[in-house]
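First to last, the sequence lines map onto chains A and B.
With UniProt numbering, letter number 53 in the first sequence gets 53, and the count goes up by one each step, no holes.
With UniProt numbering, letter number 332 in the second sequence gets 332, and the count goes up by one each step, no holes.
2 protein chains.
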Amino acid sequence: MIAYATERAPLGVGLVQTRYATWLEPLMLDSGALLAPVTLAYETYGELSPARDNAILILHALSGDAHVAGRHSLTDPKPGWWDAMVGPGRPFDTDRYFIICSNVIGGCKGSTGPSSIDPATGKPYGLRFPVITISDMVRAQTRLIDHLGIDRLLAVAGGSMGGFQALEWATAYPERVRSAILLATTARSSAQTVAWNAIGRRAIMADPRWRGGDYYGYEPPVDGLATARMIGHITYLSELSLERKFGRAFQRGAPSFTMEQEFAIESYLEHQGASFNARFDANSYLYITKAMDYWDLPARYGSLDRAFARTQARFLLLSYSSDWLYPTAESLAIADALRRMHKPVEHVEIASIAGHDAFLVDIDQQAPIITEFLNGLTRERG
Amino acid sequence: MIAYATERAPLGVGLVQTRYATWLEPLMLDSGALLAPVTLAYETYGELSPARDNAILILHALSGDAHVAGRHSLTDPKPGWWDAMVGPGRPFDTDRYFIICSNVIGGCKGSTGPSSIDPATGKPYGLRFPVITISDMVRAQTRLIDHLGIDRLLAVAGGSMGGFQALEWATAYPERVRSAILLATTARSSAQTVAWNAIGRRAIMADPRWRGGDYYGYEPPVDGLATARMIGHITYLSELSLERKFGRAFQRGAPSFTMEQEFAIESYLEHQGASFNARFDANSYLYITKAMDYWDLPARYGSLDRAFARTQARFLLLSYSSDWLYPTAESLAIADALRRMHKPVEHVEIASIAGHDAFLVDIDQQAPIITEFLNGLTRERG
Chain A
1 MIAYATERAP LGVGLVQTRY ATWLEPLMLD SGALLAPVTL AYETYGELSP
51 ARDNAILILH ALSGDAHVAG RHSLTDPKPG WWDAMVGPGR PFDTDRYFII
101 CSNVIGGCKG STGPSSIDPA TGKPYGLRFP VITISDMVRA QTRLIDHLGI
151 DRLLAVAGGS MGGFQALEWA TAYPERVRSA ILLATTARSS AQTVAWNAIG
201 RRAIMADPRW RGGDYYGYEP PVDGLATARM IGHITYLSEL SLERKFGRAF
251 QRGAPSFTME QEFAIESYLE HQGASFNARF DANSYLYITK AMDYWDLPAR
301 YGSLDRAFAR TQARFLLLSY SSDWLYPTAE SLAIADALRR MHKPVEHVEI
351 ASIAGHDAFL VDIDQQAPII TEFLNGLTRE RG
Chain B
1 MIAYATERAP LGVGLVQTRY ATWLEPLMLD SGALLAPVTL AYETYGELSP
51 ARDNAILILH ALSGDAHVAG RHSLTDPKPG WWDAMVGPGR PFDTDRYFII
101 CSNVIGGCKG STGPSSIDPA TGKPYGLRFP VITISDMVRA QTRLIDHLGI
151 DRLLAVAGGS MGGFQALEWA TAYPERVRSA ILLATTARSS AQTVAWNAIG
201 RRAIMADPRW RGGDYYGYEP PVDGLATARM IGHITYLSEL SLERKFGRAF
251 QRGAPSFTME QEFAIESYLE HQGASFNARF DANSYLYITK AMDYWDLPAR
301 YGSLDRAFAR TQARFLLLSY SSDWLYPTAE SLAIADALRR MHKPVEHVEI
351 ASIAGHDAFL VDIDQQAPII TEFLNGLTRE RG
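Spelled out as structure tokens, the structure:
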């Protein structure tokens, strides 16, 4: 992965900045509620072609943001969350494509969410923020794509919840999507994934610091959010990757015979919990996991086949052999439905021990597949 | 399972009672600490033969107790936790065998644990209870088997953490164990299982009601223990069984668009958390999961092969196809080591969708295998 990036594009997209678009017109939500104003944080890289036909929208997962590539300043310790995938000579090639990454509503990374000011009260929404769905997230994004002057996207692409959004784009706005790249994703949240999210939400709401959601200005529910994140984190990794990374190593070499945290895996989880608290809002975790739990494309259309009846996109599905959160069977269900509906689809299962996180970290295997898929689209067009 | 029990033994073992054995002599623990007095809760069923050669010790899992079969009173709503397996004509046939079930130290079901009175202070131990291991649990049980006048057990049998204890018996006291029946178990806790336990412990200790472990006489840390139990519970069930039992059903038929619990799986988890709080002590959860995390038989002996060097037992291993907590690979590792050491072993993988809990609920498939294994032992003896 490092070799790949170094050889082909040592500099990546360089310095970038997050932009914000705000609409005062209310956004109608699936719940029936109206949300206004609506702000979306987004970043773009590369240039929109004169024909406006080279735009690719990248959608992020649960804890992601609009900052997919590059650095915000020369002293930034880390680049964007998918930097190895986005840049000159990289699969989402900024020399050829106009790349957009949009944050989701409900989040805490610059878009309107529960930590935003509720214009009705002048205070943060907290739990007065309306419950949102994946459809609502995408409905807000259509405004951004309109704002950027783009009728039809060359591709929508995303992993995990980013894949939910990409599926929503391809099915709800079929005429606006030429292709969809779906990584490590599913067309419906399973009972097990609902269960993990529900336990995380319960842990947050049971933390007395949560205060019914009105903790802004106070210490936030750090223990609850840490528990939620730790549960999530284990579901993102395979048993084998945990075994290889941590095994049964003790931090101090031997059992302490106390209730202190002492296994290396415990310190790692503690670090994950603390660093997540430093960058994420607990209420946003409630809202976004709820949106994920509601995600059920076949239920909305009557069946998965029917969901794809009007799609105009070519689909590329990537699943990862050790992903037990959204296992390959979930991608196969999507690919099978697309084939039954005579829609163009390719599915590749990538051998990886990285679990669900493979789409973020196993770049070497997925990069050429995505590069070739996008090449095929532009060949077709040219 | 019901059909099986009804046809062959409608009455089971009938009314039973828990007994208690207490020793004043200090028990030396792996940590170096001494524990005294030590009480073990236990139940027995059937009669010890004059030759004292028909005793079978059943070991329980994390949240189990000594009450494996029968009822404590005529109004008892439920029988013991493995009632379908223990009784006249059942696999652990009380017409033929003398069945003993011993509770573990560290627990809260009548044996000495963190909720017991510390003789040094006259108050419950809380976190002053010494950290214990699976070896310590079994070392205490050797006193009980001595007390019952039994030199050699016909069998030790247990699932999950009960399997840990059975392995400990067979390896640490090889001359006392003629056979070991290991269900849904492992010879070492993996990084992933340590992680789940560690998250549960953290949730308990982060609950302000926990009070550093000194919550006796106050409201206990019900939210923390519920979170821990919910996490555990999901690991005990397969994704498919959750899908079949609950799927994406809403309690009230449709999304509420609130942060209320609304999926059927959420109500189920809530019920699991509440009922666990009614029957289990949070500090015992800390101590027993810690003992499980320390469980690492190959590390103690240098390798799994060496752990079995002196064993005299025949081994029967049962694993369950959908158990992802202690998957079949864990049983294969044990069986392979035993074969390399030329020890008698049978391993059967049972097809089940019930996940780790299969050993408790999928009685029909495992019952004849265990019956036959025990028959083989007594044929051999006779």
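Ideal Cβ positions, reconstructed from N, Cα and C, are used throughout, including at glycine.
Bear in mind that the values here come from a model prediction, so they are computed numbers and not experimental data.
Rounded to the nearest whole angstrom, the C-alpha separation of A/Ser-241 and A/Ile-353 is 6 Å. When C-beta distances to chain B are compared with 7 Å, the residues of the region 236-255 of chain A below that value are Glu-239, Leu-242, Glu-243, Phe-246, Gly-247, Arg-248 and Pro-255, in chain order. Interface criterion not met: the Cβ of B/Asp-357 is under 9 Å from no Cβ in chain A. The continuous alpha helix (DSSP H) containing A/Arg-201 extends over residues 191-206. When C-beta distances to chain A are compared with 7 Å, the residues of the region 203-237 of chain B below that value are Ala-203, Ala-206, Pro-208, Asp-223, Thr-227, Met-230, Ile-231 and Ile-234, in chain order. Per DSSP, reduced to three states, the secondary structure at A/Gly-213 is helical. Fewer than three beta-carbon pairs drawn from the region 273-281 of chain A and the region 187-197 of chain A are found closer than 8 Å, and the two stretches are therefore not classed as touching.
For the region 265-291 of chain B, the set of residues with a beta-carbon nearer than 7 Å to any beta-carbon of chain A comprises Ile-265, Glu-266, Leu-269, Leu-286 and Lys-290, in chain order. DSSP places A/Arg-143 inside the alpha helix (DSSP H), whose first and last residues are 134-147. Rounded to the nearest angstrom, the Cβ distance from B/Leu-40 to B/Pro-130 is 16 Å, too far for a contact under 8 Å. Beta-bridge analysis with DSSP links A/Val-16 to no other residue. A/Ile-370 and A/Trp-169 have their C-alpha atoms spaced approximately 19 Å apart. Contact annotation: B/Leu-144 and B/Ser-102 have beta-carbon atoms nearer than 9 Å. For B/Ala-69, the secondary structure class from DSSP, reduced to helix, strand or coil, is coil.
The Cβ atoms of A/Thr-18 and A/Gly-110 sit closer than 9 Å to each other.
Contacts between A/Ile-334 and chain B, judged by CB atoms closer than 9 Å, are missing: the closest CB pair is about 17 Å apart. Taking C-alpha positions only, B/Gln-365 is separated from A/Gly-159 by approximately 41 Å. Sequence-ordered contacts of the region 187-200 of chain B with chain A read Arg-188, Ser-189, Ser-190, Ala-191, Gln-192, Val-194, Ala-195, Trp-196, Ala-198 and Ile-199 [C-beta pairs closer than 8 Å]. In terms of CA proximity to A/Pro-50, A/Arg-96 leads the group A/Ser-179, A/Glu-380, A/Arg-96 and A/Thr-235. If you look at B/Val-361, you'll find it in the alpha helix (DSSP H) that goes 358-361. At the C-beta level, B/Ile-132 and B/Ser-31 come within 9 Å of one another.
Residues Ser-189, Val-194 and Asn-197 of the same chain have their beta carbon placed closer than 6 Å to that of B/Asp-293, with the five preceding and five following residues left out of the count. With contacts defined as CB atoms closer than 9 Å, B/Tyr-268 and B/Arg-229 fail to qualify as a contacting pair. Here the C-alpha atom of B/Arg-209 lies approximately 11 Å from the C-alpha atom of A/Asp-207. DSSP places B/His-271 in the helix class (H, G or I) of the three-state scheme. The beta carbon of B/Ser-319 sits closer than 6 Å to those of Thr-328, Ser-331 and Glu-349, all from its chain and outside the five residues before and after it, given in chain order.
Between the C-alpha atoms of B/Gln-141 and B/Gln-165 there is a straight-line separation of about 10 Å. Contact check for B/Leu-297 against B/Leu-167 passes: the beta carbons are separated by less than 9 Å. Beta-bridge annotation (DSSP): A/Asp-93 is paired with A/Gly-87. No Cβ of chain B is located within less than 9 Å of the beta carbon of A/Ala-180.
Proximity of chain B to A/Thr-328 at the Cβ level (cut-off 9 Å) is not reached, the minimal Cβ distance being about 13 Å. With a 10 Å radius around the Cβ and a threshold of 16 neighbouring Cβ atoms, B/Ile-134 comes out buried. With fewer than three CB-CB distances shorter than 8 Å, the region 223-237 of chain B does not count as touching the region 254-264 of chain B. Between the beta-carbon of A/His-356 and that of A/Tyr-216 there is about 31 Å, and that puts the pair past the 8 Å contact cut. Taking the Cα positions, A/Ile-234 is about 7 Å away from B/Gln-192. Cβ neighbours of B/Ile-288 within its own chain (closer than 6 Å, five residues either side excluded): Leu-62 and Gly-106.
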